[in-house]
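See structure below.
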Amino acid sequence: MMERFGLIAKFSPSPADVKYFVPAQLTSSPDGICKMEPSPTDPCPLYLHFVHGFVPHGLFPLLVSRSISWCCETWPTGVHPKLYQNGAWFVIGKQTHDLVLVCETRFIKIVLRQREKSEELATLVREFVEGTLQDLSQELPYLSGLQYEFCVACPYCHQETEEVGQACSNHDKISCTHEECFHLLEIKQDQRLICKKKPYDKVLTVPGLEKWLKRTSQV
5 MMERFGLIAK
15 FSPSPADVKY
25 FVPAQLTSSP
35 DGICKMEPSP
45 TDPCPLYLHF
55 VHGFVPHGLF
65 PLLVSRSISW
75 CCETWPTGVH
85 PKLYQNGAWF
95 VIGKQTHDLV
105 LVCETRFIKI
115 VLRQREKSEE
125 LATLVREFVE
135 GTLQDLSQEL
145 PYLSGLQYEF
155 CVACPYCHQE
165 TEEVGQACSN
175 HDKISCTHEE
185 CFHLLEIKQD
195 QRLICKKKPY
205 DKVLTVPGLE
215 KWLKRTSQV
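Just so we're aligned, residue 5 is where the sequence shown starts under our numbering, counting upward by one.
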């Protein structure tokens, strides 16, 4: 019962190695993993954006708990996850990728860094997160109305240039680099990213976005 509601998370890469984590009671800051950014060859940061403007209370510990179980079952390598308040870091694949989850006010940021090239792992992560949210919305009544989008930072509004956009209301900066101020665009298979804030005379893409959308053949 405690595992179901994300109060504890079982990590057991082998019958002889069993540990339990309590995601909701973590207090250490995730500052270190917040600074982990993908390289130019990695998938771009993916933002799990909640349309009502905030991450539902208690959802992130549930996602972390399910992630621990999924990583342990899929890749029983024995590499323990590093857990923080509002953050988690997993080593996945055959110890070839870093998976970072960071919870902000209105979204959960997903970063995947690869030590070895993998064509399908990013899609596996996205499909796992999507499937987990669908399961939670069916299992827990208070999450039954869960509405979310997979997004990326708008490439039009965040080109790090002073010639586009308006100053953000929170930090009075044009092209503000604070993630909470990012304009996010929903991603969809085979659809271009379109910014509706202002017309632009060129089509921009986000490097690494295609890695999240590749179709997988197997786990």
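For every residue, glycine included, the Cβ atom is placed at its ideal position computed from N, Cα and C. As the structure is a computational prediction, the values presented were derived from the model and not from experiment.
Query                                                                                                                 : Result
Sequence-distant residues of its chain with Cβ nearer than 8 Å to residue 219 (five each side left out)               : 127
DSSP state of residue 113 mapped onto helix, strand, coil                                                             : strand
Counted within 10 angstroms of its Cβ, other Cβ atoms place residue 88 as buried (16 or more) or exposed              : buried
Enclosing beta strand (DSSP E) for residue 155 [first to last residue]                                                : 152–157
Residues bridged to residue 56 [DSSP beta-bridge criterion]                                                           : According to DSSP, residue 56 bridges with nothing at all.
Integer Cβ distance of residue 26 from residue 12, believed to fall under 8 Å                                         : 6 Å
Spatial neighbours of residue 53 in its chain, beta-carbon cut-off 8 Å, leaving aside the 5 residues before and after : 110, 111, 152, 153, 154, 155, 188 and 190
Bridge partners - residue 212, DSSP secondary structure assignment                                                    : According to DSSP, residue 212 bridges with nothing at all.
Per DSSP, cross-strand counterpart(s) of residue 190                                                                  : 155
Helix, strand or coil at residue 74 according to DSSP, with G and I counted as helix                                  : helix
Spatial distance of residue 140 from residue 66 (CA atoms)                                                            : 8 Å
Cβ contact check for the stretch 119–133 and the stretch 94–108: 3 or more pairs under 8 Å                            : yes
Proximity to residue 59 [Cα-Cα], best of 44, 41, 90 and 43                                                            : 90
Cβ neighbour criterion (16 or more within 10 Å) applied to residue 212                                                : buried
Buried versus exposed call for residue 71 [16 or more other C-beta atoms within 10 Å across all chains shown]         : buried
Rounded distance between the beta-carbons of residue 114 and residue 50, thought under 8 Å                            : 4 Å
Cβ separation of residue 40 and residue 83, assumed to be a contact under 8 Å, to the nearest whole Å                 : The Cβ separation is near 16 Å, so there is no contact.
Residue interval of the alpha helix (DSSP H) (run including residue 36)                                               : 35–38
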